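Trainee: So that we are looking at the same thing, I have put the structure below in structure tokens.
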Amino acid sequence: MGINDVKMIGVGKDEYNSSLSGMIDQNILPWVEDIEGQGYPVWEDYNAVQRSTYFLDRQGELIYHFNITTLDPDSENDYSYFINLVLDYRSDNGPGVLRVTEDYTLIQDAIDNANDGDLILVEPGIYTEQINFLDKNISLVALPYSGYDDNVVGSVILDGGEQGPVVTINNGQDQLSILLGFQIQNGNNQNYGGGILIENSSPTIDRNTITNNAAGSCGGGGGGIAILGSSYPHIFGNQIYNNYVSGDCDCICYFGGGVYVDSIALPIVGGSFSIGNILYDNDADIGNDLFRHTSSDSINLTQIYAHHNFFQECPPDSFDVYPLDDWDLSNCHDIGNVKSDPIIPSTSFHLSPIYPNPFNPIATIPISILEPGFIDVSVHNLKGKLVESWNTFLDLGNHTFIWNAKGLPSGIYFIKVKSKQSYASQKAILLK
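Just so you know, we're using the working numbering here: the sequence shown kicks off at -16 and counts up by one.
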């Protein structure tokens, strides 16, 4: 049991119809008709009024209700309140919700105190620690993915400090163990798995950024992710780049800069357009992005299912994916083919490094416009709150935006730049 067991339905006296579209999106909140022939049992039993929202425990008993129209869906506070209300009631008579840093300062402390099925929500920030799921089936989730702004990319950072794997999952976990929404960086393991080490376990690794991790000493594999033993994980929607495998020995013995899979493991890597992984600029002797180990007694191996992943070239060659015959790379996508693959936006501007960085209190945001058009520039704090924004039409050429952060506290801020075709973001540190 994990984060995906949070379910809601709408119940009404009428069948779902277009007049309800302003209140309910049927794709998110399934609609159930309260039937007249049965005497409208839901409405009669609970004295319902229009747009009532009910919380039932796992035995079906009413524990709380209110009129949802009191909440503004465009308000970050109202949205956050409602999501956390759902999660809190979910934890009654069922899996709990643990929060970092509200309940625990360290992520590992939260894991130590969690039980199977619990959900751990991690607030934006940089966490310099190596975490281990121990023997627990839990969901470890970056808070922006359960809050009001899914676009605060990279705001929850797990930094291994080059002291070992950043994340270890090696005690028989299944796909209900979820790692969702983190930036995983600066891991370093002398053997296998600099960013994430998975062994004899089958978790779901979902929508993370895995970058700047390393593995290897005198041989090794899996700078980004190593999948060892009887492991069958799901690797969905991750960005895996700038990871490498290297060492001091003069040998061809460094494998899988992005992902290393041994001969026993059988992960699912990608699968559909929306959950394909993006792999580029990883480095190893063999298999820069993907590598599967085979041995002399490895016969009749099943191909690893790896549909709809993104590579610098599609199909990738044997330098990037090895051995090619062991990977089912159907429906891959070319990162450079920006027009046919809209998940990788075309470039209408270039966001240069913000300077100075760190800054106090003035920062310059330099943007080169390659295609004239409207540009949105916004600045968010670690909680995703908007603190500054600009919207203007820019012609071809170089432009700068001056951000005065006077009155704001020290910390990490995220600058996001959007056009109709493109998106870019950077971090800036305000030090006072």
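Backbone N, C-alpha and C define an ideal beta-carbon position, used for all residues, glycine too.
Given the structure is predicted, the values throughout are model-derived calculations rather than measurements.
1) Check whether the stretch 390 to 399 and the stretch 356 to 370 are in contact - that is, three or more C-beta pairs closer than 8 Å.
2) Taking just the CA atoms, how far does glycine 202 sit from serine 405?
3) In angstroms, rounded to a whole number, what distance separates the CA positions of threonine 347 and threonine 194?
4) Under DSSP, the beta strand (DSSP E) around isoleucine 188 begins and ends at which residues?
5) Beta-carbon separation of valine 139 and proline 107 under 8 Å?
6) When the Cβ atoms of the stretch 281 to 292 are set against those of the stretch 251 to 260, are three or more pairs found closer than 8 Å?
7) If I measure Cβ to Cβ from asparagine 174 and keep anything under 6 Å in the same chain, skipping five residues before and after, which residues do I get?
8) In terms of alpha-carbon separation, which member of Ile51, Thr84, Val83 lies closest to leucine 68?
9) What is the rounded straight-line gap between the Cα of serine 408 and the Cα of leucine 159?
10) Could you tell me the distance, in whole angstroms, from the CA atom of leucine 218 to the CA atom of aspartate 189?
11) To the nearest angstrom, how far is it from the Cα of threonine 277 to the Cα of asparagine 196?
12) May I ask which residues mark the beginning and end of the alpha helix (DSSP H) holding glutamine 168?
13) Any idea if glutamate 182 is buried or exposed, counting beta-carbon neighbours within 10 angstroms, 16 or more meaning buried?
14) Using the rule of at least 16 other Cβ atoms within 10 Å of the residue's Cβ for burial, across every protein chain shown, is proline 299 buried or exposed?
15) Closest to serine 200 by C-alpha separation, out of Gly177, Phe49, Lys410, Cys297, would be which residue?
16) Quick one: using the 10 Å Cβ neighbour count with 16 as the cut-off for buried, is glutamine 21 buried or exposed?
17) Are the beta-carbon atoms of serine 301 and phenylalanine 357 separated by less than 8 Å?
18) Cα separation between aspartate 157 and arginine 275?
19) On the three-state DSSP scale, how would you describe leucine 312?
20) Considering only the alpha carbon of each residue, which of Pro349, Leu163, Val252, Trp386 lies closest to glycine 241?
21) Runs of 4 residues minimum, wholly inside the stretch 240 to 289: which ones carry the alpha helix (DSSP H) assignment?
22) Can you have a look at proline 250 and say buried or exposed, based on whether 16 or more other CB atoms are within 10 angstroms of its CB?
23) Out of Gln168, Asn283, Val304, point me to the one whose CA is closest to phenylalanine 293's CA.
24) Go ahead and label aspartate 231 buried or exposed: buried means 16 or more other beta carbons lie within 10 angstroms of its beta carbon, across all protein chains shown.
25) According to DSSP, what are the bridge partners of alanine 198?
26) Taking 8 Å as the threshold (C-beta atoms), are valine 149 and leucine 162 in contact?
27) I'd like to confirm the pairing. Which residues does DSSP put opposite proline 299 in its beta bridges?
28) Roughly how many angstroms lie between the CA atoms of aspartate 309 and glutamate 85, to the nearest whole one?
29) Helix, strand or coil, according to DSSP, for isoleucine 208 in the structure here?
30) Within a Cβ cutoff of 6 Å, which residues of the same chain sit near glutamine 295, ignoring the five residues on either side of it in sequence?
31) Tell me whether aspartate 61 sits in a helix, a strand or coil according to DSSP, three-state version.
32) Can you check which of these residues, Leu273, Pro355, Asn98, Pro341, is closest to isoleucine 223 by C-alpha distance?
33) Given valine 360, which residues of its chain have a CB within under 6 Å of its CB, disregarding the five upstream and five downstream residues?
34) Report the three-state DSSP secondary structure of alanine 407 (helix, strand or coil).
35) For the candidate residues Gly205, Asn171, His316, Ile114, whose alpha-carbon lies nearest to that of phenylalanine 165?
36) Across which residues does DSSP place isoleucine 218 in a beta bridge pair?
Mentor: Here's the rundown:
1) Two segments are said to touch when three or more pairs of C-beta atoms, one from each, lie closer than 8 Å; by this definition the stretch 390 to 399 touches the stretch 356 to 370.
2) Those two C-alpha atoms are separated by around 40 Å.
3) Spanning the two alpha carbons is a distance of roughly 26 Å.
4) Under the DSSP assignment, isoleucine 188 falls in the beta strand (DSSP E) whose first and last residues are 187 to 189.
5) Their beta carbons are under 8 Å apart, which means valine 139 touches proline 107 by this criterion.
6) Output reads yes: the stretch 251 to 260 touches the stretch 281 to 292.
7) In chain order, Gly203 place their CB closer than 6 Å to the CB of asparagine 174, counting only its own chain and leaving out the 5 sequence neighbours on each side.
8) Ranking Ile51, Thr84, Val83 by Cα distance to leucine 68 puts Ile51 first.
9) Between serine 408 and leucine 159, the C-alpha separation is close to 31 Å.
10) One detail in the question is off: residue 218 reads as isoleucine in this sequence, not leucine. Approximately 6 Å, taken between the alpha carbons.
11) Distance between the alpha carbons of threonine 277 and asparagine 196: 24 Å.
12) Not the alpha helix (DSSP H): glutamine 168 falls in the beta strand (DSSP E), residues 166 to 168.
13) When all chains shown are included, glutamate 182 counts as buried.
14) With 16 or more Cβ atoms within 10 Å of its Cβ, proline 299 is classed as buried.
15) Taking the Cα of serine 200 as reference, the smallest distance to any Cα among Gly177, Phe49, Lys410, Cys297 is reached at Gly177.
16) Classification of glutamine 21: exposed, given that the 10 Å Cβ count is below 16.
17) With contacts defined as CB atoms closer than 8 Å, serine 301 and phenylalanine 357 fail to qualify as a contacting pair.
18) Roughly 21 Å between the two C-alpha positions.
19) Correct three-state label for leucine 312: coil.
20) Nearest C-alpha to glycine 241: Val252.
21) DSSP runs (the alpha helix (DSSP H)) wholly in the stretch 240 to 289: none.
22) The residue is buried, with at least 16 neighbouring Cβ atoms inside 10 Å.
23) Nearest option by C-alpha distance: Val304.
24) Around the beta carbon of aspartate 231, fewer than 16 other beta carbons lie within 10 angstroms, which makes this residue exposed.
25) For alanine 198, which the question treats as bridged, DSSP gives the partners Asn172, Val228.
26) At a Cβ-Cβ threshold of 8 Å, leucine 162 and valine 149 do not count as neighbours.
27) Beta-bridge partners of proline 299 (DSSP): none assigned.
28) Looking at the two C-alpha atoms, the distance is approximately 45 Å.
29) Residue state, collapsed to three classes: strand.
30) Same-chain partners within the cutoff: Tyr263, Ile318.
31) Helix at aspartate 61.
32) Residue nearest to isoleucine 223 within the set Leu273, Pro355, Asn98, Pro341 is Leu273 (criterion: CA-CA distance).
33) Excluding positions up to five away in sequence, the list reads Trp373, Phe384, Val400.
34) Correct three-state label for alanine 407: strand.
35) Here the closest residue by C-alpha is Ile114.
36) Partner(s): Ile188, Val252.
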